[in-house]
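To start, the structure itself, in structure tokens.
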Amino acid sequence: MRETLKKRERIHFKNDFDRVFSCGKRHINDYFVVVYTKNNLNFSRIGITIKRKFGKAHKRNKLKRYIREIYRRNKGLFPQDYDIVFLPRKKLSKDFDNMSFEDVKNIILNISERLE
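This is the structure in structure tokens:
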């Protein structure tokens, strides 16, 4: 499997996010809420929404880069033909400054094992 993240593999439009939120299943842990639903495409897509309460822009952007990179390198571990949206929780915003990339990676890969 290729380790690229193409533009088509990201959720861009509000109505796509709304569809995932309205009819998707949720997986919740201490750090993330992951909402996912089946799409009618031959590939999976990811979306990331982070509230401003999470922190300043550089902190939110860093988390987005982490999530995209983890997904890009480990696409095979996520379910295929799904739209997946990541929502960080308040505990992550408090602990994020003390976490490394590997810590976030372990959290996300544990979640990917539990999806569907």
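Mapping the sequence shown onto this note's numbering, position 93 (from 1) lands on 940, and the numbers just tick up by one.
Where a beta carbon is used, it is the ideal one built from N, C-alpha and C, also for glycine.
Given the structure is predicted, the values throughout are model-derived calculations rather than measurements.
Using three-state DSSP, classify K941 as helix, strand or coil. helix
Three-state secondary structure (DSSP) at H859? coil
Length-filtered (4 minimum) alpha helix (DSSP H) runs lying within the region 881-935: 904-920
Assign K853 to one of three DSSP states: helix, strand, or coil. coil
Measure the beta-carbon distance from R920 to V880 and round it to whole angstroms, keeping in mind my assumption that it falls under 8 Å. Contact flag wrong, Cβ pair sits at about 22 Å.
With a 10 Å radius around its C-beta and 16 neighbouring C-beta atoms as the bar for buried, classify F933 as buried or exposed. buried
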